[in-house]
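Residue numbers (the working numbering): 1 to 251. Glycine included, each C-beta is placed from N, C-alpha and C at the ideal position.
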């Protein structure tokens, strides 16, 4: 039986050494979604993997299925975008690592997620060209969740769909998918009206629009707390890259 071979545009999410010469490469591909592949000889070959298979690299991957095996084989990776500008800035490196980890942890295996791939690619491009901004990170988080069908519900009650939430405090219920009116929930985190309005604005923004958005420290902290609660409800275990961001105060 001849193993199927295919080509796809992909972004490298993570790599790990395997043996003396190989690497296991986790990618997000246009036609395959999130998948891991064995790159034989990647630590020695300068021909098939000339770009070095670095984090956040974008390019064309040629992969081969292995009958009965979950791990694919990465035959070649032709790098189109290296994103060298991310490596020289710790804030940019931290934001990129966080975005890549979110995609790896949230995207289901072997399920095409082309909107997510495009969203991640745009985020990395703007991050490389600009500064590591909390506002862009919030827009990315909301956009990623929505492209994966994970919410959040911000403009109405996630339980009863009541839309007249006013300008005051509401409850934030991550397991319920968003904001909840006082009639439906009497426990959980209180979200201020200003935080909810900021999240509504951020949810309507493109990544490019986020460049002109300025959140004060308190509002950003409220948005970050709410979104992290929602993200953590969909992943098991800690987000490793988040600790780096928090230590730097870059989130």
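Just list the residues that DSSP pairs residue 109 with in beta bridges. 34
Residues that residue 11 bridges to, as DSSP identifies them: 28 and 58
Counting only the same chain and skipping the five closest in sequence on each side, list residues whose C-beta sits under 8 Å from that of residue 124. 11, 56, 58, 81, 83, 86, 96 and 99
Taking all protein chains shown into account, do 16 or more other C-beta atoms lie within 10 angstroms of the C-beta of residue 167, making it buried, or fewer, making it exposed? exposed
Bridge partners of residue 170, per DSSP? 191
Measure the C-alpha to C-alpha separation of residue 15 and residue 36 and round it to an integer number of angstroms. 9 Å
If you pair each beta-carbon of the region 194 to 208 with each one of the region 129 to 143, do three or more pairs fall below 8 Å? yes
Considering only residues of the same chain and omitting the five flanking positions on each side of residue 104, which have a CB-CB separation below 8 Å? 13, 14, 26, 28 and 34
Straight-line CA distance for residue 1 to residue 222? Caution applies to residue 1, whose pLDDT of 46 falls short of 50 and renders its modelled position unreliable; the model cannot decide the point.
For the alpha helix (DSSP H) holding residue 74, just list the boundary residues, first then last. Taken as a continuous stretch (DSSP letters only), residue 74 belongs to no alpha helix (DSSP H), being part of the beta strand (DSSP E) at 72 to 81.
Helix, strand or coil at residue 17 [DSSP, three-state]: strand
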